[in-house]
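Read through the structure below, which is laid out as structure tokens, and then see the notes.
4 protein chains.
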Amino acid sequence: MSNKLKVVVIGGGSSYTPELIEGLINRHSELPVSELWLVDIEEGREKVNIISELAKRMIKHKGLHIDINVTLDRRLALKDADFVCSQFRAGCLEGRIRDERISLKYGMIGQETNGLGGFANACRTIPVTLQICREMEELCPNAWFLNFTNPSGMVTEAILKYTKIKAIGLCNVPVIMEKGISKILNASEGEFIMQVAGLNHLIWARKVLYQGDDKLDFIISEILKGNDPLVPSNIPPFEWPDDLLRKMGMIPCAYLRYYYMSDDIMKQEQAEANGEGTRGEVVKAIEKRLFDIYKNPALEEKPKELEKRGGQYYSEAACELMASIYNDKRKIMHVNTRNNGTISGLPDDCVVEVSSIITKNGPLPLNVEPFPDDTLRLIQLMKEFETLTVEAAVKGDLVAAKRGLILNPIVNTGTILDEALKETVFENLEHMPQFHWMFDAS
Amino acid sequence: MSNKLKVVVIGGGSSYTPELIEGLINRHSELPVSELWLVDIEEGREKVNIISELAKRMIKHKGLHIDINVTLDRRLALKDADFVCSQFRAGCLEGRIRDERISLKYGMIGQETNGLGGFANACRTIPVTLQICREMEELCPNAWFLNFTNPSGMVTEAILKYTKIKAIGLCNVPVIMEKGISKILNASEGEFIMQVAGLNHLIWARKVLYQGDDKLDFIISEILKGNDPLVPSNIPPFEWPDDLLRKMGMIPCAYLRYYYMSDDIMKQEQAEANGEGTRGEVVKAIEKRLFDIYKNPALEEKPKELEKRGGQYYSEAACELMASIYNDKRKIMHVNTRNNGTISGLPDDCVVEVSSIITKNGPLPLNVEPFPDDTLRLIQLMKEFETLTVEAAVKGDLVAAKRGLILNPIVNTGTILDEALKETVFENLEHMPQFHWMFDAS
Amino acid sequence: MSNKLKVVVIGGGSSYTPELIEGLINRHSELPVSELWLVDIEEGREKVNIISELAKRMIKHKGLHIDINVTLDRRLALKDADFVCSQFRAGCLEGRIRDERISLKYGMIGQETNGLGGFANACRTIPVTLQICREMEELCPNAWFLNFTNPSGMVTEAILKYTKIKAIGLCNVPVIMEKGISKILNASEGEFIMQVAGLNHLIWARKVLYQGDDKLDFIISEILKGNDPLVPSNIPPFEWPDDLLRKMGMIPCAYLRYYYMSDDIMKQEQAEANGEGTRGEVVKAIEKRLFDIYKNPALEEKPKELEKRGGQYYSEAACELMASIYNDKRKIMHVNTRNNGTISGLPDDCVVEVSSIITKNGPLPLNVEPFPDDTLRLIQLMKEFETLTVEAAVKGDLVAAKRGLILNPIVNTGTILDEALKETVFENLEHMPQFHWMFDAS
Amino acid sequence: MSNKLKVVVIGGGSSYTPELIEGLINRHSELPVSELWLVDIEEGREKVNIISELAKRMIKHKGLHIDINVTLDRRLALKDADFVCSQFRAGCLEGRIRDERISLKYGMIGQETNGLGGFANACRTIPVTLQICREMEELCPNAWFLNFTNPSGMVTEAILKYTKIKAIGLCNVPVIMEKGISKILNASEGEFIMQVAGLNHLIWARKVLYQGDDKLDFIISEILKGNDPLVPSNIPPFEWPDDLLRKMGMIPCAYLRYYYMSDDIMKQEQAEANGEGTRGEVVKAIEKRLFDIYKNPALEEKPKELEKRGGQYYSEAACELMASIYNDKRKIMHVNTRNNGTISGLPDDCVVEVSSIITKNGPLPLNVEPFPDDTLRLIQLMKEFETLTVEAAVKGDLVAAKRGLILNPIVNTGTILDEALKETVFENLEHMPQFHWMFDAS
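Chains as they are written, first to last, in the numbering used here: chain A, 153 to 594; chain B, 153 to 594; chain C, 153 to 594; chain D, 153 to 594.
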């Protein structure tokens, strides 16, 4: 890598981008980005322009020199890139909202990375992502692809299985857990080691090493006292089953509620859908407000309001990851990468989310000690769902889709699944070319 | 084993017993039973006497000599037994009905071997079964324990893990599949080999070998044409997803509907519960009618009506199993036995339901070729549920119970599970001494 | 299969063939062979003619009608065959003797299925065998290939990995063990079940089930008393380490001496090589005498002297295997077949030697209970040697050859191995076309 | 840990100790050792006093204050220790020489960590080590035990399996590899990452990450050009098989010669034994010279001659390890630690030698990508040898010893092994109380 870095952001018009800009500004001395390219599609033209103007103001405000480029021509942007950050949303927020509403209609939890919604999101996102990677193979074959587009684990698995691009998936869930633990321990992040393992949105903290001791049990006790700063701000408060958590001896990420507290989540979602709206609908309103703020020509910093958005620390993590690779920092980060034996009992070629030291050659995962049997079974089950979903998304294989969904604990099976699946594909037809065959004959 | 066999039936007052009697009569020349002991408890005194009288008439009618003994003193019966058949129902049909109703109340499928009901049944049945086996260790340590008390897989696993008794679990599901395939192939059972594998109520036919070919795909096609004689008469008609079944290349047992068609089953159960009653309630009415028939002093044969009862072929299988062991017949039967590597990916010491040749030393399982990944994941998940449930049943470990139930696909999790679990234990307290501690403190 | 069977023998001029003829004669009522084709190569013309004449006399003597055909045109023989028996020796006995002498020269045990000799034999035999199978794919795609050409496990693995032919490998080692146990138990073979498992020439008896008990410990005690009828007549007497055998709880086949008693074998081989000759040389002399006997026009039965030859019961086993397949006998036999999970810890697609029930669809292996760790490690090591050797034999891959040989416990490594390997290939160049590249450049 | 560290050296009279002193001196600012205790036994009194005097001179020379204490009372030294370094030699050099001579007498490679000699060394060393650890459980339960007594892997496994002490095993082999690679790359050690994996004296470098590339192939090419600075100075020059090494894509440690070049090593050892003496005998002469040098009251630094001793960098590594733990440095070091899934295919509770980041809580191993099948098989085999040897050493189990030795590729089996084993135990009886039973009855 040269000392004049080119960074490309796919989905540059995302409301998250100002956080990314802030991260690049803060790290400018160690991460000498000279060109930043914001790529978007026609539907995002207005947004990406607002972001671009804000970015320029932020950079100027700090007296730095980073070229900001906006384009709808992805190939132009990708040429000779060093890092490609992916944060686009295939089908926009409308797609997410549709997923949530269809799931709820059929009595299932509606969610953007899991269940029927996760399936739909994967099928919309993976074809576009693979197309980008194929362009990268041609235009910037040595660039790193940093993915934080959801469902991040499946998207990263698709890239690593079907392209030659070096990809790392990122998620803010472990970042938030680490910040929460930092607060509980009253220690800075460098002072302790949190090791997480599992799949994207299905991780547990397995170790919290601090001053020569493993503080797991202490942290669990604090969480059970109601002191739970490990949960993203976009997830409503809830209570873990006390005895279960103490016995397990691991800290579940907030998304494990979908398995441990499925009925509570279902009820909550139904209430929200009948009230303030689904999460997607709420986010849409937040986004609208955010862009109104971004437009303000007086704004020269990332606004406070962005933190409510849910994706907090995503971009922070992305910048830190770029800096760690560029400088061979060997810092421990929590990333989606090829398993290769890290979690025993999963295939070598699948993608897992694990704590790794980040080197100039990418992540070297820390070994994960064997999981308790019951959690391993859950991880294996969900990885099989993910792997079949990736296969369905790449090949348009409906039976693979069903086989995966049948395994997923938050999916209802039978006649209802056939109907929900058909509706999902039909309503997303524009974004799911791989399934056009289903409707061709008619 | 001598040539004067002593057979003991635990739960001798069961309505199934006449089928067992018929089986013993039909096999008398190869299985020289001289004493049959029907054991029951005080609540079953009337029933077991009715059965005993009918049994005597049936035997006399055929001109045979088998001593029929009735007793409430189990130790007396067990002394020097050769075979002990277990078909008792801990908590009687009332227990089953209660399980069904509690499950439905909490929005879950109510079932006697799976989900919350399966958990409850295991917790009622396993302590009694282990007590019987401890008596056998003292009174007839070399006898074979043939279990067809539900949940048969978990009960057999408990015996093999916690006692020294040689136990084999039986189920009529594979027997019915085999008879169905026989009908489709228009071939007698000896002419083809059906190999099944999985767990009790979670099996697939993996091979149907006939005249040098594997007829699996042909049988699947016939089933999908609506010609499905593989389903027990107590299971209402349903349709398998066509594409799924063809791609899988295995024949699922009828109980796999709980995983592949969960929503349809739920709706059907709710309709039944609001109509003719739950399955337990229907069975209760059938049983009442059966005993009225059994009482008839003119009855000298197993009545036709018994076949509606649902457990058809159970006793047939039990008699055939006894005859195969006694005569070292090396016949292929489908039994619950210790895994020991038969199904790859499951612990050695767990119990699986697999086709085995039956020798004088018990079952020698046929090797099971690797399962497709998705079905293996389901089997592993459910085995973990079973193993944790057995642990909970033996040790009264509530966290083990929860960890198991959380994995079970037909269980709702969260607050509702805590409540349903508490109600289940409380309502069964008489039959669940292992959980008394939960209510002791108050 | 029709009721007029065509059987082809590759290597029909082998001195073993009269035993095969006898086996076919004895089973004529259940195995209605109408045509027997003896195939050989130019070098074997005289021998195969002697055998053919003897065969005709034997059949006539019993008043049966089986067409005996001799040909050097393999394709003619293979057309529409039902069973193809392979018992040829690539490179003839001269090849075997050369293997033994080269091994000994470099200080290694010389052996036709193991070590450097096993490697050489595999490299001579596998290319010819694959060629035969390719002809079968065209001329008799549904025929069964019964292999008893050494090294039987590797040859069978090559067929199953690289062709579509249904193949089963046979060896007389388990047959001899079974007959020995029969003698110790004073029971006929049908009365007990011996279960063996491992690889060809690397098996243990894992169970000896007789009258409801496992007699393993008793048999081991008898063997240690010096009563060891389990060893082939071509293997000189030796003594197992007493404590080891008792603790292991399994009966090792005689070939395990190469691992447990390597130094004794080495010394014995060196003494023999300096005395009466290597095993190959001894066999050559025996063969010469046998053919002199076979020529005798008065001879109408398999002569007694054949039993000294070492391969006793091979052909017996082959005939029984054909009869078991043809009649779907479901008899337990000990065969080389695809692993598919039978022995845990080995790849699914490798070939293992395991007790199986023989059906019209071929062998269904009995599950093998987990091996003790140390024996499993030995089996895994040797399977890796075999798999790399097969790869080397098929592809002419010298590095694969070395990687395999380095693992083999009876091979010396380093400079000496490079030299021995080079000499082996050079001396066998006529029979090892896959390695011609090594000498092309010079 | 306090900021006044107490370090104990078991076998303080070792000729290596001056290197350790030098290491502590060089790190004094980051590793504030205030007390150093040199423990030895009566036979080592003179040596340990020489070392102690030299140590005092070295420390004084640098103007530092570290209390140097010498004692034969181990308990006194262990009380409240922070680090216990073990570098004693049970049975002294005489034991090592005896091992070498007995092995050679029976035609086997004589070696202190492998084969018959490794077995003997383990049986002498492990009982004493466990005794030390039991004292530590009482006197300094939180201290770290840093083992560099050979056979380091087996000794560490024994501690982790049979005591509660936190132990890490160290070896200079990976240190020398790393220094060699540093030289080839012309890069400082911090600039690249070498990842090794395997067992003690059985490791491969699996990755050499430098400036964003994996330099493995380049390093292998350099080694094959004869530029091999990765080999310890005590190992005579040799040549790896070119094709093998290139194909393997991993860098073998020098000790892999025992498997890849067994015959060459055997011949070399025999020549040495008949010439300048076995390695033990050579070392004995070196040691004598070293102590003559150490005695010189003018000597105030570690003498240059120590580097010839073979154990170079051992103490360097030990000091660096202490500093890394004390300061939570998270540096990558190569240590013997519990496997826990790090190398797939080995038991969780065995000890492996793997690159790990060193934290205040000890080592966190980096995940090891799956090994090629053939190397995995060798590792599994040797781990089984080690595990059985540890069992034999702890329990005096002769059959476990034999089962282990039979698997070891450098051991001859059969009658000769029985004899060699008996002689080994008899000649070491003073140091092998666990085997006294073998000679008690007579």
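We treat Cβ as the ideally placed atom computed from N, Cα and C, and that holds for glycine. Fair warning: this is a prediction, and the values are worked out from it, not measured in the lab.
Contact between the stretch 192-207 of chain A and the stretch 261-276 of chain A is absent: fewer than 3 CB-CB pairs across the two stretches fall below 8 angstroms. Leaving aside the five residues that flank Glu439/B on each side, the residues in its chain whose CB is nearer than 8 angstroms to its CB run, in chain order, Ser167, Leu245 and Arg461. Spanning the alpha carbons of Thr223/A and Lys318/A requires a straight line of approximately 24 angstroms. Under a 10 Å Cβ-count criterion, Arg358/D is classified as buried, with 16 or more other Cβ atoms of the shown protein chains found around its own Cβ. About 7 angstroms separates the beta carbons of Ile284/C and Arg226/C, which is inside the 8 angstroms limit, making them a contact pair. Taking a Cβ-Cβ cut-off of 9 angstroms, the neighbours of Asn564/A in chain B comprise Ser414, Asp415 and Met418, given in sequence order. Chain order gives the chain A residues near Pro517/D as Leu518 and Asn519, where near means a beta carbon separation below 9 angstroms. Contact check for Ser255/C against Asn564/D fails: the beta carbons are separated by 8 angstroms or more. C-alpha of Ala469/C to C-alpha of Phe390/C: approximately 26 angstroms in a straight line. In the structure shown, Glu582/C adopts helical secondary structure according to DSSP, grouped into three states.
Within chain C, the residues placing a beta-carbon under 8 angstroms from that of Thr511/B are Ile345 and Leu361, ordered along the chain. Within the DSSP bridge table, the entry for Lys483/C names Ile510/C as partners. Listed by position along chain C, the residues whose Cβ is nearer than 7 angstroms to that of Thr494/B are Asn519.
Between Cys237/B and Val159/B a beta carbon distance of about 7 angstroms is seen, short of the 8 angstroms cut, so the two are scored as contacting.
Residue environment: Glu182/C is assigned as exposed (fewer than 16 neighbouring CB atoms within 10 Å of its CB, all protein chains considered).
The C-alpha of Leu528/C is placed about 15 angstroms away from the C-alpha of Glu538/D. When beta bridges are read from the DSSP output, Arg286/C appears opposite no residue.
Taking CB atoms only, Arg555/B has a neighbour in chain A less than 8 angstroms away. Asn513/A is not a Cβ neighbour of Thr494/A, given a cutoff of 8 angstroms. The count of Cβ pairs closer than 8 angstroms, one atom from the stretch 405-420 of chain A and one from the stretch 338-355 of chain A, reaches three, so the stretches are in contact.
For Ile568/A, the chain B residues whose C-beta falls within less than 8 angstroms of its own C-beta are Asp415 and Asp416, listed in chain order.
Distance from the Cα of Ile193/D is smallest, within the candidate group Ile162/D, Leu216/D, Arg179/D and Gly215/D, for Ile162/D. Judged by DSSP in its simplified three-state form, Ile218/C adopts coil rather than helix or strand. In this structure Ile403/B touches Leu382/B by the C-beta definition: roughly 7 angstroms separates them, less than 8 angstroms. At a beta-carbon threshold of 9 angstroms, none of the residues of chain B lie near Gly332/C; the nearest stands roughly 20 angstroms away. When rounded, the separation of the alpha-carbon atoms in Leu557/A and Thr277/A is 18 angstroms. As computed with DSSP, Tyr362/C is found in a beta bridge with Phe344/C and Asp365/C.
With a cutoff of 8 angstroms on beta-carbon distance, Leu458/B and Leu473/B are scored as not near each other. The residue from Gly259/D, Phe344/D, Asn338/D and Ile345/D with its alpha-carbon nearest to that of Asn379/D is Asn338/D. In terms of Cα proximity to Phe235/C, the closest of Val506/C, Ser186/C and Lys208/C is Ser186/C. At a cut-off of 8 angstroms between C-beta atoms, Gly364/C counts as an interface residue with respect to chain B.
Separation of Val191/B and Gly165/B (C-alpha to C-alpha, rounded to the nearest whole angstrom) is 8 angstroms. The beta carbon of Pro522/B falls within 8 angstroms of a beta carbon belonging to chain C, placing the residue at that interface.
Only Asn492, Gly493, Thr494, Ser496 and Asp500 from the stretch 476-500 of chain D bring a Cβ to less than 7 angstroms from some Cβ of chain A. The continuous stretches of beta strand (DSSP E) do not include Ile261/B, and DSSP gives it neither H nor E. Chain order gives the chain C residues near Tyr411/D as Ile558 and Thr565, where near means a beta carbon separation below 7 angstroms.
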